[in-house]
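For reference, the structure is listed below as structure tokens.
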Amino acid sequence: MDFSQAWLQAIAVVLVLAVIVLVGVRVWREYVRSKRVASIDSALPAALLQAASFGPRFPLEKVFVEIEGAGYGALSEEFGQARRQCAAGLPVPRALDELSKRNASVLLSRSCRLLSAAYSSGVDLSRACRALAGDAQELQAIYRERQSALIVQKYTVIAACVLVPLILGTLLAVTSSLDSASALTVRPTRELGDVLYLSAAGYSVLFALTASVYSAFLESRKIKAFLYAAVLVPLSLAAFYAASSFL
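Under the numbering used here, the residue at position 131 of the sequence shown is numbered 324, and the numbers go up by one with no gaps.
Written out as structure tokens, the structure reads:
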């Protein structure tokens with residue numbers, strides 16, 4: 194190997210490692226963001242019910258103060274920031290709009306929009322908060338049911354990433370052993386066997402990549418396709434090679 198080839202290989206390794214690091218950082222950020230959104234969504238119904246208990250015509254700024262000190266984690270932090278913005282002179286509807294924009298939670302954004310509309314129109318905020326809490330609980334129940342169904346689909350596809358290569362590898366191994374034990378004069382050439390072997394291995398990789406994209410699609414997080422592929426492709430190849438060399 195000459196110097197130029199070694200230099201090109203080193204560049205390729207660095208580029209691959211850089212891509213792996215960048216994807217890993219992106220996946221980690223996505224994971225942290227999704228955990229924060231889940232924390233906000235789970236705490237929102239209780240926070241809205243707490244706000245509804247204040248009675249009619251309460252100032253919305255009081256909601257910010259109470260939720261901030263109620264220990265709702267990320268949700269308390271966000272309402273604390275909204276309280277500080279209002280204390281600095283920002284109007285309540287604008288603070289709610291900023292609260293919605295800072296977070297990717299659909300439930301929180303919807304609640305902020307409705308609270309802002311109720312505040313601006315002067316309607317009973319306790320009744321609005323109670324209605325929002327009920328809607329949030331119903332949406333969470335629907336989301337949990339949907340997630341349960343999607344989890345079954347996802348893990349079925351992931352299990353197939355191991356089962357399909359095992360079947361392909363076993364079929365190739367059985368075919369090879371029967372061929373070597375037969376007395377037939379016409380046998381597949383070595384080149385044909387290599388083509389079949391590589392084709393089955395390639396199909397295993399393609400199936401794993403498709404399953405990775407599909408699993409990420411089920412979770413509505415496209416970036417996780419790289420994470421699934423990094424696990425499923427080696428797992429599929431390991432299952433295929435183990436099954437094909439068993440006999």
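Glycine included, C-beta positions come from ideal geometry on N, C-alpha and C. Since the structure is predicted, the reported quantities are computational estimates derived from the model, not experimental observations.
Which value, in whole angstroms, describes the spacing of the CA atoms of residue i and residue j?
i: L377; j: A393; result: A caution first: L377 carries a pLDDT of 49, below 50, which makes its placement in the model unreliable, though a value can still be read off. Between L377 and A393, the C-alpha separation is close to 25 Å.
i: K228; j: V424; result: 22 Å
i: S309; j: D290; result: 8 Å
i: R320; j: S302; result: 18 Å
i: V388; j: G395; result: 10 Å
i: S405; j: A352; result: 12 Å
i: V379; j: C354; result: For V379, the predicted structure reports a pLDDT of 47, less than 50, and the residue's modelled location is therefore unreliable. A value from the coordinates is still provided. Taking the straight line joining both Cα atoms gives about 34 Å.
i: A432; j: R226; result: 34 Å
i: L430; j: L215; result: 24 Å
i: R337; j: L343; result: 10 Å
i: G362; j: R339; result: 35 Å
i: F247; j: L411; result: 40 Å
i: A436; j: V426; result: 16 Å
i: E270; j: Y421; result: 32 Å
i: G273; j: S408; result: 36 Å
i: R277; j: V230; result: 21 Å
i: L208; j: G217; result: 14 Å
i: L292; j: C279; result: 12 Å
i: S397; j: V350; result: 13 Å
i: L428; j: D234; result: 35 Å
i: A240; j: G315; result: 21 Å
i: L402; j: Y434; result: 17 Å
i: K294; j: P238; result: 19 Å
i: K255; j: S304; result: 16 Å
i: L268; j: S438; result: 55 Å
i: I260; j: F251; result: 14 Å
i: G282; j: I204; result: 54 Å
i: S413; j: W200; result: 40 Å
i: A211; j: T368; result: 42 Å
i: I335; j: S341; result: 10 Å
i: A329; j: K415; result: 26 Å
Specify, as a first and last residue, the run of the alpha helix (DSSP H) that residue i falls within.
i: L428; result: 417-437
i: D156; result: Since the first residue shown for the chain is 194 and the last is 440, residue 156 is missing from the structure and cannot be characterised.
i: R250; result: Note, R250: premise wrong, no alpha helix (DSSP H); not H, not E.
i: V299; result: 299-314
Beta carbon of residue i, beta carbon of residue j: below 8 Å?
i: F400; j: V345; result: no
i: V285; j: L253; result: yes
i: A245; j: R323; result: yes
i: A311; j: L318; result: yes
i: G266; j: S313; result: no
i: E223; j: K347; result: no
i: A288; j: A275; result: yes
Please report the Cβ distance between residue i and residue j, rounded to the nearest whole angstrom; I am assuming they are in contact, meaning their Cβ atoms lie under 8 Å.
i: L365; j: Y390; result: 6 Å
i: F419; j: V258; result: Not really, about 43 Å apart at Cβ, beyond 8 Å.
i: L242; j: A297; result: L242 to A297, Cβ: 23 Å. No contact.
Does the Cβ of residue i lie closer than 7 Å to at least one heavy atom of the ligand FMN?
i: F410; result: The ligand FMN is absent from the structure shown, which contains no ligands of any kind.
TODO: For the stretch 256-280, list the alpha helix (DSSP H) runs that are entirely contained and at least 4 residues long, ordered along the chain.
DONE: 267-280
- [ ] List in chain order: all unbroken beta strand (DSSP E) runs of 3+ residues lying wholly within the stretch 318-344.
- [x] none
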